[in-house]
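Chemist: These protein sequences, in sequence, are chains D and W. When the count follows the numbering used here, it moves up by one through the first sequence with no breaks and lands on 643 for the last residue. When the count follows the numbering used here, it moves up by one through the second sequence with no breaks and lands on 643 for the last residue. Don't be surprised by glycine CBs; every beta carbon is placed ideally from N, CA and C. On a predicted model such as this, the values are computed, not experimentally measured, just so you know.
There are 2 protein chains.
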Amino acid sequence: MITTTGEYALRAMAYLAQLPEGKYALAKDMGRELGIPPNYLGKVLQALAREGLLVSLRGRNGGFRMDRKPDEICLFDILSAVEPMKRYETCILGHKKCSDETACPIHYTWKEARDRVVNMFRKTQLTRLLEHQRALKK
Amino acid sequence: MITTTGEYALRAMAYLAQLPEGKYALAKDMGRELGIPPNYLGKVLQALAREGLLVSLRGRNGGFRMDRKPDEICLFDILSAVEPMKRYETCILGHKKCSDETACPIHYTWKEARDRVVNMFRKTQLTRLLEHQRALKK
DNA sequence: ATAAAATCGTACTTGCGTATCCTTTTATCG
DNA sequence: CGATAAAAGGATACGCAAGTACGATTTTAT
Numbered sequence: 506m507i508t509t510t511g512e513y514a515l516r517a518m519a520y521l522a523q524l525p526e527g528k529y530a531l532a533k534d535m536g537r538e539l540g541i542p543p544n545y546l547g548k549v550l551q552a553l554a555r556e557g558l559l560v561s562l563r564g565r566n567g568g569f570r571m572d573r574k575p576d577e578i579c580l581f582d583i584l585s586a587v588e589p590m591k592r593y594e595t596c597i598l599g600h601k602k603c604s605d606e607t608a609c610p611i612h613y614t615w616k617e618a619r620d621r622v623v624n625m626f627r628k629t630q631l632t633r634l635l636e637h638q639r640a641l642k643k
Numbered sequence: 506m507i508t509t510t511g512e513y514a515l516r517a518m519a520y521l522a523q524l525p526e527g528k529y530a531l532a533k534d535m536g537r538e539l540g541i542p543p544n545y546l547g548k549v550l551q552a553l554a555r556e557g558l559l560v561s562l563r564g565r566n567g568g569f570r571m572d573r574k575p576d577e578i579c580l581f582d583i584l585s586a587v588e589p590m591k592r593y594e595t596c597i598l599g600h601k602k603c604s605d606e607t608a609c610p611i612h613y614t615w616k617e618a619r620d621r622v623v624n625m626f627r628k629t630q631l632t633r634l635l636e637h638q639r640a641l642k643k
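(1) Can you find the residues in the same chain that come closer than 6 angstroms, C-beta to C-beta, to residue 639 of chain W, ignoring five residues on each side of it along the sequence?
(2) In chain order, which continuous runs of the beta strand (DSSP E) of length 3 or greater are located wholly inside the segment 549 to 631 of chain D?
(3) Cβ closer than 9 angstroms: which chain D residues qualify as neighbours of residue 516 of chain W?
(4) With a cut-off of 8 angstroms, does the C-beta of residue 538 of chain D fall near any C-beta of chain W?
(5) Given that a residue counts as buried once 16 or more other Cβ atoms are within 10 Å of its Cβ, and exposed if not, what is residue 518 of chain W?
(6) Give me the Cα-Cα distance between residue 603 of chain W and residue 541 of chain D, rounded to the nearest whole angstrom.
(7) Taking 8 angstroms as the CB-CB cut-off, is residue 554 of chain D touching chain W?
(8) Could you give the first and the last residue of the continuous alpha helix (DSSP H) run that contains residue 522 of chain D?
(9) Kindly list, in the order they appear in chain W, the residues whose Cβ is closer than 8 angstroms to that of residue 627 of chain D.
(10) What does DSSP give as the partner residue(s) for residue 530 of chain W in the beta ladder?
(11) Against residue 510 of chain D, what residues of chain W qualify as contacts under a CB-to-CB distance less than 8 angstroms, listed in chain order?
(12) Helix, strand or coil: how does DSSP classify residue 485 of chain W here?
(13) Cβ of residue 558 of chain W less than 8 angstroms from any chain D Cβ?
(14) Does any residue of chain W bring its CB to less than 8 angstroms from the CB of residue 613 of chain D?
(15) Report yes or no: do three or more beta-carbon pairs, one from the segment 624 to 636 of chain W and one from the segment 609 to 618 of chain D, lie closer than 8 angstroms?
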């Protein structure tokens, strides 16, 4: 239901959130620790930095670190940085014009179900992913 | 949130459901009417026939028709015939072992949200897609 | 026998995930 | 101060799956 890239972003953010504050981590190390291809993880981390969720530092002793507290970031922030959230707002019958005003037969039913997902992304803070973080190894 | 193929299947089933009972329709005609590539729609219809949702008839005067009443088919039946429903049951952090017994930090939260979607598929009958069917043109 | 239709196999296209290589930045060492 | 090494940043190419297109085969009514 979410893209692989989105999953990587969530796991990487959870990893960074449990590090000592201010500490930078390397894409390569994180990839190894989390079992994510380091090359691609680098791209994902860059995207998160571009969106202001992470701070990146180039050169020796560089890496990525959190820019905010884990309770100031929700899952929606993370996911929307790496995948198009329109996925969760489209008519199930593919109508371009489907909306509250011009609704397809199941518009409201479908909207309620998918909104449940999006609202969960919006209300859940990164902190929620941290509990028992070290049991996650995979 | 659903695959394009799934959307095609829903629309095609809705189209067939509003036809006079026992009437066969051609993949080509349906494709033209619904604005779906006829070649691909053929594949989708074949899959639906293989799963017992449609009856297919080869040769002259052939085509596809419903095999059940529209209120005896739910959206889940249709979607599961053309796409893997596992998509709606996987851990958001990608853990293979995540389950009610061995739960990741947000297992139950995530499960509740995605179950809302699946339950909607299960409880909603094809009939629900038929209202104002002819306003759908696209 | 012919024509109409599903069925089947194959090939093309696009996007996502992946892997490399090169460039740029920056701390550190001689 | 200059050279070097370590890191992100960026460009490019590959593999794979989904969606698409098309042609060959089989079935069946006329």
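Modeler: If we stick to the structure as given:
(1) Caution is warranted here: a pLDDT of 49 is assigned to residue 639 of chain W, below 50, making its placement in the model unreliable, and no coordinate value can be reported.
(2) Listed in chain order, they are 559 to 562 and 568 to 571.
(3) Neighbours of residue 516 of chain W on chain D, chain order: 598 and 599.
(4) Chain W, which has no Cβ nearer than 8 angstroms to the Cβ of residue 538 of chain D, makes this no.
(5) Burial call: buried.
(6) Linking residue 603 of chain W to residue 541 of chain D through their CA atoms gives a straight-line distance of about 18 angstroms.
(7) For residue 554 of chain D, the answer is no, since every Cβ of chain W falls outside 8 angstroms of its Cβ.
(8) Secondary structure note for residue 522 of chain D: its alpha helix (DSSP H) is the uninterrupted segment 509 to 522.
(9) Counting only Cβ-Cβ distances below 8 angstroms, residue 627 of chain D has no contacts in chain W at all, with the closest Cβ about 11 angstroms away.
(10) For residue 530 of chain W, which the question treats as bridged, DSSP gives the partners W:569.
(11) Neighbours of residue 510 of chain D in chain W, taken as residues whose beta carbon is under 8 angstroms from its own, are absent, since the nearest beta carbon is some 11 angstroms off.
(12) Coverage of chain W is limited to positions 506 through 643, which leaves residue 485 of chain W absent and any answer about it impossible.
(13) Not an interface residue.
(14) Not a single CB atom of chain W sits nearer than 8 angstroms to the CB of residue 613 of chain D.
(15) Three or more beta-carbon pairs drawn from the segment 624 to 636 of chain W and the segment 609 to 618 of chain D are found closer than 8 angstroms, and the two stretches are therefore classed as touching.
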